[in-house]
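A.B. asks: Taken in sequence, the protein lines are chains V and F. Under the numbering used here, think of the first position of the first sequence as 34, with each following residue one higher. Under the numbering used here, think of the first position of the second sequence as 34, with each following residue one higher. Glycine included, every Cβ here is placed at the ideal spot set by N, Cα and C. Handing you this structure, nothing more for now.
There are 2 protein chains.
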Amino acid sequence: MSVMWAVKVVGLGVVAVSLSAELLGWLLRRLRPGRSLNEVLFFPSEVACVEHIFTPSSTHACCCSLPHGVETSFSHLLRHILSASSTLDLCVFAFSNMDLSRAVLALHSRSVTIRVLTDKHYAAITGSQIGVLRKAGICVRCDVGSVHMHHKFAVVDGRLLITGSLNWTLTAVQSNMENILVTEEPDLVQPFIKEFHRLWARNDPAQYHPSNDHKNPLT
Amino acid sequence: MSVMWAVKVVGLGVVAVSLSAELLGWLLRRLRPGRSLNEVLFFPSEVACVEHIFTPSSTHACCCSLPHGVETSFSHLLRHILSASSTLDLCVFAFSNMDLSRAVLALHSRSVTIRVLTDKHYAAITGSQIGVLRKAGICVRCDVGSVHMHHKFAVVDGRLLITGSLNWTLTAVQSNMENILVTEEPDLVQPFIKEFHRLWARNDPAQYHPSNDHKNPLT
C-alpha cells in the first residue's frame with residue numbers, strides 16, 4: 034500500500050514539474066515572441082547598385098558602374114518595403130525617388146494593396162512620382178486639411194512600421210543626414226495604423242466638400 | 034497511515050502550486066520590468082496654455098486667453114523634454130518654436146548638460162532660436178558635411194528617444210500633420226546616441242578644416 038502511495042507522490046511530483054516547465058515555456062513564448070524587430074537606419078546612404086534587390090532570382094549580373102554586393106541603409110529600406118505581402122499604407126510628404134517608386138510599383142504588380150496619402154502641394158511638383166503611381170492604378174489621396182502633410186511613414190502588412198525624418202527623395206537618401214526607424218513593436222505600430230485610417234477616411238474625395246477647405250477638421 | 038500520506042500529498046500539491054505562483058511572479062517581473070515607455074504623438078496639436086508645465090509649483094493661475102488644463106500632444110512633448118535631469122542631446126533641422134526654446138533654456142538653468150546639433154543654413158534664418166541658445170551659453174554645433182542636417186531627434190538622459198517628422202517650429206506643432214515617437218527601447222535609443230556622438234565629434238570646430246568642406250566625410 035505504501036509503495037503505491039510513494040508511486041502516486043512521485044507521479045504527482047513529475048506532473049507538477051512538467052506543468053511548471055510547460056508554463057515556463059508558454060510564458061517565454063508569450064512575453065518574448067522572438068523579440069520584435071527594431072532597426073535604425075541612418076542616411077546619407079552609400080551609393081550602390083540595388084538591381085539584385087528587385088530581381089533576386091535573375092542570373093544576369095548587373096553591369097552598371099555602381100558598386101555591387103554592398104548592403105547599405107537604402108538597400109535595407111528597400112528590402113523592408115519589398116517585404117510587403119498583403120498591404121502597404123504609405124503616408125509621405127515628398128515622393129520623387131525613382132527606386133522607391135519602382136519598389137511600390139513592384140508591390141502593386143504582385144497584387145499588394147497599396148494606399149498612398151501625400152501632401153497636396155508636393156504631389157504636383159516636377160519630379161514627383163505621385164502621378165506615376167496614380168497612372169499605374171495605385172490609390173492615392175492628398176491631404177486637404179493641413180498646411181503640410183509632413184509625415185514620412187509606411188506600414189507594411191499592418192505589422193511593420195517604417196518612420197523617420199527621411200522623405201522619399203534622392204537628396205534625402207544620398208545627400209542629407211536622415212534617420213529611419215523600423216519596428217514591429219505593437220505599442221508603436223498601432224497608433225500609426227490608427228492615424229493612417231483616420232487621415233485616409235478624412236481625405237476621401239467622395240466625402241470632401243470644398244466648403245470645408247478653410248476649416249481645421251482637427252478642432 | 035493513509036491519512037498521513039493524504040496530508041503529505043495535499044501538502045506537496047500546495048507547495049507545487051505556491052512555487053509555480055512564485056515562479057510566475059518572478060518571470061513577470063523579470064520579463065516585463067514595468068515595460069519600456071513607448072508613446073506616439075500626432076500633430077497638429079490642440080492649442081492650449083502650457084504655463085503650468087513650466088511653473089508647476091506656481092500658485093498664481095495663468096490668465097491668458099488660451100484654454101487651460103488641457104493635455105495635448107505638445108504638452109506631452111514638453112513634459113518629456115523637461116523630464117531631463119542630466120543631459121539633453123538635440124539634433125534638429127529647424128528650431129524656431131519659442132516654447133521649445135524656453136524648455137531648453139529652463140533645462141540649461143537647472144544645470145542639465147545640453148548639446149545642440151543643427152543645420153548650418155537654417156540656424157541663420159530669421160526666427161531661429163539657435164542664436165538665443167548660443168547667447169545663453171548652450172553648446173551648439175552646425176553640421177558642415179551634408180546638404181541638409183535633416184534629423185529631428187532628441188535623447189533625454191541617454192535613456193529616452195524623441196524622434197519623428199516634427200521640426201521644432203510653430204507651424205509644425207500647430208499647423209502640419211506630424212508625428213513624434215517617444216521610446217525607451219534600448220534597441221532604438223542606442224543607435225541614435227551613437228549617431229549623435231559621431232556627428233558631434235565630426236562637427237567639432239576645433240577639428241574642422243575648410244578644405245574638407247567639399248569632401249563627403251561619409252565615404
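#1: Quick check on L121 (chain F): does DSSP put it in helix, strand or coil?
#2: Compute the beta-carbon to beta-carbon distance between G150 (chain V) and L232 (chain V), rounded to the nearest angstrom, for a pair I have assumed lies under 8 Å.
#3: Identify the contact partners of A49 (chain F) in chain V, using a Cβ-Cβ distance below 9 Å as the criterion.
#4: Quick one: grab the DSSP three-state call for V36 (chain F).
#5: Using the C-alpha atoms, what's the distance from Y155 (chain V) back to A127 (chain V)?
#6: Is the distance from the Cβ of T105 (chain F) to the Cβ of N212 (chain V) below 8 Å?
#7: State buried or exposed for G178 (chain F), treating a residue as buried only when at least 16 other CB atoms are found within 10 Å of its CB.
#8: Quick one: list the residues of chain V neighbouring N212 (chain F), beta-carbon separation under 8 Å, in chain order.
#9: Entirely within the segment 50 to 109 of chain F and at least 3 residues each: give me those beta strand (DSSP E) ranges in chain order.
#10: Just to confirm the assignment, what range does the beta strand (DSSP E) spanning V222 (chain V) have?
#11: Is L193 (chain V) helix, strand or coil when you go by DSSP?
#12: Going by alpha carbons, who is nearest to D237 (chain V) out of V:C175, V:V188, V:F186, V:I226?
#13: Could you tell me which of F:S198, F:D190, F:V189, F:G170 sits nearest to H183 (chain F), measuring between CA atoms?
#14: If I258 (chain F) sits next to V173 (chain F), beta carbons under 8 Å apart, how far is it from one beta carbon to the other, in whole angstroms?
#15: Chain V partners of W38 (chain F), CB-CB under 7 Å?
#16: Taking any Cβ of chain V, which residues in the segment 91 to 108 of chain F have a Cβ under 9 Å from it, in chain order?
#17: Does R112 (chain F) come out as helix, strand or coil in the three-state DSSP assignment?
#18: Spell out a yes or no on whether the segment 75 to 94 of chain F and the segment 78 to 88 of chain V are touching, meaning 3 or more CB-CB pairs, one atom from each, closer than 8 Å.
#19: Let's test the definition: count the other Cβ atoms within 10 Å of the Cβ of V47 (chain V) and tell me whether it reaches 16, buried, or not, exposed.
#20: CB L111 (chain V) to CB V215 (chain V), shorter than 8 Å?
#21: Among the residues of its own chain, which have a CB less than 8 Å from the CB of S53 (chain F), if the five just before and after it don't count?
#22: Which runs of the beta strand (DSSP E) at least 3 residues long sit entirely within the segment 135 to 170 of chain F? Give them in chain order.
#23: In the DSSP assignment, find the beta strand (DSSP E) that holds V215 (chain F) and state where it starts and stops.
#24: Relative to the C-alpha of A169 (chain F), which candidate in F:D220, F:C95, F:V137, F:I226 has its C-alpha closest?
#25: Roughly how many angstroms separate the alpha carbons of L193 (chain V) and V103 (chain F), rounded to a whole number?
#26: Distance, Cα to Cα, A49 (chain V) vs S35 (chain F)?
#27: Given V188 (chain V), which residues of its chain have a CB within under 7 Å of its CB, disregarding the five upstream and five downstream residues?
#28: Between the alpha carbons of N200 (chain F) and A94 (chain F), how many angstroms are there, rounded?
#29: What are the residues of the segment 161 to 184 of chain V that lie near chain F, defined by any Cβ-Cβ distance shorter than 7 Å?
#30: For V177 (chain V), does the three-state DSSP call read helix, strand or coil?
#31: Return helix, strand or coil for A205 (chain V), following the three-state DSSP convention.
#32: Using DSSP's beta-bridge definition, name the partner residues of K239 (chain F).
#33: Hey, would you say V165 (chain V) sits closer than 8 Å to S78 (chain V), going by beta carbons?
#34: Can you give me the Cβ contacts of F107 (chain F) inside the same chain, cut-off strictly under 6 Å, excluding the 5 residues immediately before and after it?
#35: Quick one: is E218 (chain F) near chain V, going by C-beta distance under 8 Å?
#36: Which value, in whole angstroms, describes the spacing of the CA atoms of A217 (chain F) and L45 (chain F)?
C.D. replies: The structure says:
#1: Residue mapping note: residue 121 (chain F) aligns to position 88 of the second sequence, counting from 1. Three-state DSSP puts L121 (chain F) in a strand.
#2: As a working mapping, residue 150 (chain V) is identified with position 117 in the first sequence. As a working mapping, residue 232 (chain V) is identified with position 199 in the first sequence. Contrary to the premise, residue 150 (chain V) reads as Leu rather than Gly in this sequence. Their Cβ separation, rounded to whole angstroms, is 6 Å, which keeps L150 (chain V) and L232 (chain V) in contact under 8 Å.
#3: As a first step, residue 49 (chain F) must be located in the second sequence, where it is residue number 16. Residues of chain V passing the Cβ test: L45, G46, V48, A49, V50, L52, S53.
#4: Translated into positions along the second sequence, residue 36 (chain F) becomes position 3. It is helical.
#5: Within the first sequence, the letter at position 94 stands for residue 127 (chain V). Within the first sequence, the letter at position 122 stands for residue 155 (chain V). Going from the Cα of A127 (chain V) to the Cα of Y155 (chain V) covers about 6 Å.
#6: Residue 105 (chain F) sits at position 72 when you count from the first residue of the second sequence. Residue 212 (chain V) sits at position 179 when you count from the first residue of the first sequence. In this structure, N212 (chain V) does not lie closer than 8 Å to T105 (chain F) by Cβ.
#7: Here residue 178 (chain F) is taken as the residue at index 145 of the second sequence, counted from 1. So G178 (chain F) counts as buried.
#8: For the purposes of this step, residue 212 (chain F) is taken as residue 179 along the second sequence, with counting starting at 1. Neighbours of N212 (chain F) on chain V, chain order: H184, F186, T196, F225, E228.
#9: 71 to 76
#10: By one-based count along the first sequence, residue 222 (chain V) stands at place 189. Element bounds for V222 (chain V): not the beta strand (DSSP E) but the alpha helix (DSSP H), 219 to 235.
#11: For this step, residue 193 (chain V) is matched to residue 160 along the first sequence. The answer is strand: DSSP assigns L193 (chain V) an E or B state.
#12: Residue mapping note: residue 237 (chain V) aligns to position 204 of the first sequence, counting from 1. If we check each option's Cα against that of D237 (chain V), V:C175 comes out closest.
#13: Here the question's residue 183 (chain F) lines up with position 150 in the second sequence. Closest by alpha carbon: F:S198.
#14: Residue 258 (chain F) is absent from the model: chain F starts at 34 and stops at 252.
#15: As a first step, residue 38 (chain F) is located in the second sequence; it is residue number 5 there, counting from the start. In chain order: W38.
#16: none
#17: The sequence position of residue 112 (chain F) within the second sequence is 79, counting from 1. The answer is helix: DSSP assigns R112 (chain F) an H, G or I state.
#18: no
#19: If you number the first sequence from 1, residue 47 (chain V) lands on position 14. So V47 (chain V) counts as exposed.
#20: For the purposes of this step, residue 111 (chain V) is identified with residue 78 of the first sequence, where counting begins at 1. For the purposes of this step, residue 215 (chain V) is identified with residue 182 of the first sequence, where counting begins at 1. No, these two residues do not count as a Cβ contact at 8 Å.
#21: Along the second sequence, one-based indexing puts residue 53 (chain F) at 20. Excluding positions up to five away in sequence, the list is empty.
#22: Listed in chain order, they are 146 to 152.
#23: Taking the first residue of the second sequence as position 1, residue 215 (chain F) is located at position 182. Per DSSP, V215 (chain F) belongs to the beta strand (DSSP E) from 211 to 216.
#24: Walking along the second sequence from the start, residue 169 (chain F) turns up at place 136. Looking at the Cα atoms, F:V137 is the closest of the given residues.
#25: The count along the first sequence starts at 1 and reaches residue 193 (chain V) at position 160. The count along the second sequence starts at 1 and reaches residue 103 (chain F) at position 70. Going by the C-alpha atoms only, they are around 32 Å apart.
#26: Within the first sequence, numbered from 1, the residue matching residue 49 (chain V) stands at position 16. Within the second sequence, numbered from 1, the residue matching residue 35 (chain F) stands at position 2. Rounded to the nearest angstrom, the two C-alpha atoms are 22 Å apart.
#27: In the first sequence, residue 188 (chain V) corresponds to position 155, counting from 1. So the list reads D122, L194, V222, F225, I226, F229, once near-sequence residues are dropped.
#28: One-based indexing of the second sequence puts residue 200 (chain F) at position 167. One-based indexing of the second sequence puts residue 94 (chain F) at position 61. So the alpha carbons of these two residues sit roughly 30 Å apart.
#29: D176, S179, V180, H181, M182, H183, H184
#30: Position 144 of the first sequence, counted from the start, is the residue given in the question as residue 177 (chain V). Correct three-state label for V177 (chain V): coil.
#31: Here residue 205 (chain V) corresponds to residue number 172 of the first sequence, with the count starting at 1. DSSP, reduced to helix, strand and coil, places A205 (chain V) within a helical segment of the structure shown.
#32: By 1-based counting over the second sequence, the position of residue 239 (chain F) is 206. Position check: residue 239 (chain F) holds Ala in this sequence, whereas Lys was assumed. DSSP lists no partner for A239 (chain F).
#33: Counted from its first residue, the first sequence places residue 165 (chain V) at position 132. Counted from its first residue, the first sequence places residue 78 (chain V) at position 45. Not closer than 8 Å, so no.
#34: As a working note, residue 107 (chain F) is residue 74 in the second sequence. In its chain, beyond the 5 residues on either side, S78, V206 have a beta carbon closer than 6 Å to the beta carbon of F107 (chain F).
#35: Mapped onto the second sequence, residue 218 (chain F) falls at position 185. Taking Cβ atoms only, chain V reaches closer than 8 Å to E218 (chain F), which makes this a yes.
#36: As a working mapping, residue 217 (chain F) is identified with position 184 in the second sequence. As a working mapping, residue 45 (chain F) is identified with position 12 in the second sequence. Strictly speaking, residue 217 (chain F) in this sequence is Glu, with Ala absent from that position. Between E217 (chain F) and L45 (chain F), the C-alpha separation is close to 43 Å.
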